[in-house]
Structures are given as C-alpha cells and as structure tokens.
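Q: Okay, here's the structure, questions in a sec.
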Amino acid sequence: MLTATSPIEASVGQRDPLMPTGFDCGAGLTKLCLSSNGKQILLRQPSKVLELKSPLLEELNSPEGGHFYYHSGDRSDLIKRQFLTGELVTWKASITHIKLSDDPALKAEYALHMVLGALASLPHRQQWKLFLVISTHSRKLFNDRLKQLLTGNHIVSFGGQNKPESKVTISLEAVVPEGAGSYSYTKRLNLLDSSTQVIAIDLGTSTVIPQVFDPGGKLIYHQPLEIGGCIDLLEAIACDVELLQYLGTGKAGNVELIRQGIEGGEFNYGSGKFNFRHLYARIVKTWLGHRLRLAFKTTQQWRDAAGSVVAWGGGTQMPGIARMLATQSVTAVPSGCWANAIGLQTIAAALLARRS
1 MLTATSPIEA SVGQRDPLMP TGFDCGAGLT KLCLSSNGKQ ILLRQPSKVL ELKSPLLEEL
61 NSPEGGHFYY HSGDRSDLIK RQFLTGELVT WKASITHIKL SDDPALKAEY ALHMVLGALA
121 SLPHRQQWKL FLVISTHSRK LFNDRLKQLL TGNHIVSFGG QNKPESKVTI SLEAVVPEGA
181 GSYSYTKRLN LLDSSTQVIA IDLGTSTVIP QVFDPGGKLI YHQPLEIGGC IDLLEAIACD
241 VELLQYLGTG KAGNVELIRQ GIEGGEFNYG SGKFNFRHLY ARIVKTWLGH RLRLAFKTTQ
301 QWRDAAGSVV AWGGGTQMPG IARMLATQSV TAVPSGCWAN AIGLQTIAAA LLARRS
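Going letter by letter, the sequence shown gives residues 1 to 356 in this note's numbering.
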C-alpha cells in the first residue's frame with residue numbers, strides 16, 4: 001500500500017460521506033485509489049482470489065492483499081463465505097487459486113472481492129461509502145454485470161469471521177472504457193495534446209495494449225498484443241541459463257523474487273548472493289523492442305495524425321524503460337502503474353461534485 005498526498009488528487013468535501021474512488025481491475029494487478037482525511041490512498045494487489053474452505057492457522061497480513069468474511073448484504077451468493085486476495089493468496093496456495101488473467105470475464109466476476117480485499121489492508125472502519133468509477137475493456141459486455149455484482153451494501157469482517165464488522169456501501173457511478181483514467185491523468189499532467197489524436201501503449205503486468213484516442217479523448221482503438229506484458233520479461237529472466245546454473249535445481253527461478261529485485265532496484269535474487277542486473281539489462285532491450293515494433297505496426301494508420309505518443313502502465317516504471325521509450329519518441333507517464341486508478345478517482349470526484 002502507498003499512502004501519499006498528491007497535487008493531482010481528487011478531494012472530497014467534509015460534509016459528504018461518499019468517497020470518490022477509482023478502481024483499476026487489471027489482469028495482473030488491481031489498483032484502488034481513494035481519498036480519506038485529505039490524503040490519497042493507493043492500494044495495489046496481485047489479481048488473485050482464493051476461497052477459504054477452512055479457518056487459517058494464523059491471521060495473515062499484507063499491504064498487498066486482504067482477507068474478508070462476508071456476513072450479509074446484496075451479494076447473497078457470498079454469505080458465510082470467506083476469501084483471500086492478492087499476496088495472501090500466493091502465500092496460502094501458490095498454485096491452486098483463481099487468477100483474473102485466466103479469463104477477461106473474471107475481472108467482472110471477482111471485482112467486489114478485489115475491492116474488499118484492498119480495503120482489508122487498511123485500518124478498521126465501521127463504514128465505507130465508496131462512490132466508484134471503474135474501467136473495463138468492454139462496457140457492452142460487462143457494464144450491467146459489474147453494476148449487479150458491485151452495487152449495494154456488504155457487511156463483512158476483515159481478517160476473519162470473528163473480527164469487527166464493517167459496512168461497505170458501493171455506488172457504482174460509471175463504467176468507463178479501459179484507458180480513460182490514464183488519459184485523464186496524463187492530460188492533467190500536460191503530457192498529451194488532447195486537441196489531436198493520441199496513441200498510448202499500456203505496458204501492463206499480463207498484457208501490452210496499444211490504444212488510440214480521438215481529439216477530445218474518446219477511445220477509438222484498443223487491441224491487446226498477442227504477446228504478454230511484464231510477466232514475459234520476468235519469466236525470461238527466471239529461465240535464463242545463468243540463473244538456472246546458480247540455482248542448480250533444474251527449475252526456473254521464482255518470478256516473484258525477480259519482481260521484488262527489480263522493484264527494489266538492487267536486482268538481488270531473494271536473500272542469496274546472485275545479482276541479475278546484467279541479465280535484466282540484456283533481456284529488457286529485446287523485450288521492449290519487440291513490443292514497441294508490434295504496437296507501432298498496429299497503430300501505423302494513426303501515426304501521422306497523432307500529436308502525442310505516450311506510454312503508461314506498470315512497465316513504464318521499470319528501470320531504464322522511460323529512457324528507452326524516449327529514444328523512440330514515446331513519453332513515459334510518471335507513476336504509470338497508478339495512472340488509470342488515479343485518473344478514475346479524478347473522474348469520480350468530478351461526477352460527485354456535479355451532484356452536490
């Protein structure tokens with residue numbers, strides 16, 4: 001979890017109990033952005049869910065995952081059931097769990113689970129009132145389903161059945177096209193020309209998605225590449241001969257340990273002495289170059305008219321990526337991992353203000 005006060009955060013009036021909230025339910029990571037007591041709260045967790053069929057031996061806690069028991073509410077199918085989300089799932093059942101990347105429909109079916117799991121990582125509150133804006137790759141397919149599954153009152157306990165109850169009330173105000181939040185965020189940073197067409201490349205955990213917006217910001221093209229996102233880079237490092245020789249087990253390295261090494265900036269593999277900085281430096285060039293070539297090819301017909309070419313998503317925050325993108329005249333959006341969630345919260349705050 002990252003808590004910060006940001007100059008671009010959306011504020012909420014003290015007399016209005018609703019919290020404008022942006023929810024980016026990605027295939028690899030879900031991000032929730034909300035405002036509380038003048039601070040912007042950013043919550044990230046791996047897009048994984050596990051239903052618990054028996055009590056945990058001990059309570060599990062992580063800033064990137066949660067545990068909730070559903071007592072009662074508008075989701076009658078969840079009553080008296082409990083779930084883990086995010087990093088807690090990886091700890092409890094590293095193989096036998098649901099990954100939202102397995103099927104696009106799962107991002108709708110388990111949207112509420114991911115919202116509740118994110119809230120579980122925060123200090124206890126008796127009541128949450130979320131004024132939610134969410135993005136999806138297909139509003140036609142999932143708009144009604146998302147509203148059905150998310151909207152309403154949900155009485156839960158975070159951390160287990162016997163923990164204090166919380167009432168979570170969700171008003172799903174808008175379902176917007178995927179990338180709408182990132183576009184709004186980038187526009188507020190003055191990193192794109194909204195009077196022209198804009199090409200964006202979303203470098204996500206599981207996917208790479210070229211997108212095109214018309215003058216004014218309407219999405220006119222959105223098509224994931226057939227190759228994967230950051231996970232492909234992590235797996236390439238995990239399977240590198242040099243790392244395999246170091247491990248000496250005949251098995252690939254742990255992708256999660258590689259991710260932690262990259263995000264930490266030290267490139268150390270777990271607690272061992274193997275440093276994979278040189279592997280990353282070699283593999284990342286090929287990884288990014290291949291994806292840029294495909295993204296440029298699929299958006300070629302809009303290149304001449306586009307006033308801006310930008311990139312967002314978690315991949316833009318990996319070491320060296322922004323510099324490599326710049327050599328191809330692509331602007332990396334700062335804090336690209338959070339761009340969509342923060343932008344969605346900004347949209348939620350604007351919609352809420354209009355109702356006041």
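We put the beta carbon where it would ideally sit given N, CA and C, even for glycine. Here the structure is a predicted model, which means the values were calculated and not measured.
1. In whole angstroms, what is the alpha-carbon distance linking Gly336 and Trp312?
2. Going by DSSP in three states, Asn268 sits in which element: helix, strand or coil?
3. Can you round the beta-carbon distance between Ala238 and Ile258 to whole angstroms, since I take them to be within the 8 Å contact cut?
4. Return the first residue and the last residue of the alpha helix (DSSP H) that Cys230 is part of.
5. Quick test of your reading: Leu288 and Ile321, contact by CB under 8 Å. State the CB separation rounded to the nearest angstrom.
6. Taking Cβ positions, are Ala348 and Leu132 nearer each other than 8 Å?
7. Specify whether the stretch 46-58 and the stretch 162-169 touch according to this definition: at least 3 beta carbon pairs, one from each stretch, less than 8 Å apart.
8. Less than 8 Å between the beta carbons of Gly179 and Asp202, yes or no?
9. What do you reckon, are the CB atoms on Leu149 and Ala108 nearer than 8 Å?
10. What's the gap between the Cα of Glu64 and the Cα of Phe158?
11. Between Gly307 and Cys230, is the Cβ-Cβ spacing less than 8 Å?
12. Consult DSSP for Met19 and reduce its assignment to one of helix, strand or coil.
13. Beta-carbon within less than 6 Å of Arg355's beta-carbon, same chain only, minus the 5 sequence neighbours each way: which residues are those?
14. For the beta strand (DSSP E) that contains Ala174, what are its first and last residues?
15. In terms of residue numbering, what span does the beta strand (DSSP E) encompassing Lys39 cover?
16. Could you tell me whether the stretch 36-43 touches the stretch 129-143, using the rule of 3 or more Cβ pairs below 8 Å?
17. Using 10 angstroms around the beta-carbon of Thr3, count the other beta-carbons present and answer buried if the total reaches 16, otherwise exposed.
18. Output yes or no for whether 8 Å exceeds the beta carbon distance between Val156 and His71.
19. Could you give the C-beta distance for Thr346 and Tyr185, rounded to a whole number, given that I count them as a contact under 8 Å?
20. Report buried or exposed for Leu141, applying the criterion of at least 16 other Cβ atoms within 10 angstroms of its Cβ.
21. Here's a check: name, in chain order, each residue in its chain whose Cβ is nearer than 6 Å to the Cβ of His154, leaving out the five neighbours to either side.
A: The answer reads as follows:
1. One-based indexing of the sequence shown puts residue 336 at position 336. One-based indexing of the sequence shown puts residue 312 at position 312. If I take the Cα positions, the gap works out to 4 Å.
2. For the purposes of this step, residue 268 is taken as the residue at position 268 of the sequence shown. In the structure shown, Asn268 adopts extended strand secondary structure according to DSSP, grouped into three states.
3. The residue you call residue 238 lines up with position 238 of the sequence shown. The residue you call residue 258 lines up with position 258 of the sequence shown. Contact between Ala238 and Ile258 holds, with the beta-carbon distance rounding to 6 Å and staying under 8 Å.
4. Working through the sequence shown from its first residue, we reach residue 230 at position 230. Run containing Cys230: 230-238, per the alpha helix (DSSP H) assignment.
5. Translated into the one-based positions of the sequence shown, residue 288 becomes position 288. Translated into the one-based positions of the sequence shown, residue 321 becomes position 321. For a cut-off of 8 Å, the C-beta gap from Leu288 to Ile321 is around 7 Å, short enough to register as a contact.
6. If you number the sequence shown from 1, residue 348 lands on position 348. If you number the sequence shown from 1, residue 132 lands on position 132. Contact flag set, yes.
7. No, the stretch 46-58 is not in contact with the stretch 162-169.
8. Position 179 of the sequence shown, counted from the first residue, corresponds to residue 179. Position 202 of the sequence shown, counted from the first residue, corresponds to residue 202. Note that the C-beta distance between Gly179 and Asp202 is below 8 Å.
9. Start at 1 with the first residue of the sequence shown, and residue 149 comes out as number 149. Start at 1 with the first residue of the sequence shown, and residue 108 comes out as number 108. Result yes, Cβ atoms of Leu149 and Ala108 sit closer than 8 Å.
10. Sequence index remark: in the sequence shown, residue 64 carries index 64 (1-based). Sequence index remark: in the sequence shown, residue 158 carries index 158 (1-based). Rounded to whole angstroms, Glu64 to Phe158 spans 14 Å at the Cα level.
11. Your numbering for residue 307 matches position 307 in the sequence shown. Your numbering for residue 230 matches position 230 in the sequence shown. Cβ atoms of Gly307 and Cys230: not closer than 8 Å.
12. Here the question's residue 19 lines up with position 19 in the sequence shown. Judged by DSSP in its simplified three-state form, Met19 adopts strand.
13. Taking the sequence shown and counting its residues from 1, the one referred to as residue 355 is at position 355. Cβ neighbours of Arg355 beyond the five flanking positions: none.
14. Numbered from 1 along the sequence shown, position 174 holds the residue referred to as residue 174. It spans 165-177 - the beta strand (DSSP E) in which Ala174 sits, taken as one unbroken run.
15. Reading the sequence shown from its first residue, position 39 is the one you call residue 39. 39-46 is the span of the beta strand (DSSP E), which, as asked, contains Lys39.
16. The stretch 36-43, when compared against the stretch 129-143, does not touch it at the 8 Å Cβ threshold.
17. As a position in the sequence shown, residue 3 is number 3, starting the count at 1. With a pLDDT of only 40 at Thr3, under the threshold of 50, the placement of this residue in the model should not be trusted, and no figure is reported.
18. Translated into positions along the sequence shown, residue 156 becomes position 156. Translated into positions along the sequence shown, residue 71 becomes position 71. Cβ atoms of Val156 and His71: closer than 8 Å.
19. In the sequence shown, the residue the question calls residue 346 occupies position 346. In the sequence shown, the residue the question calls residue 185 occupies position 185. A Cβ-Cβ distance of about 7 Å is found for the pair Thr346 and Tyr185, placing them in contact under the 8 Å criterion.
20. By 1-based counting over the sequence shown, the position of residue 141 is 141. It counts as exposed.
21. Taking the sequence shown and counting its residues from 1, the one referred to as residue 154 is at position 154. Excluding residues within five positions, the ones whose Cβ falls inside 6 Å are Gly73, Val168.
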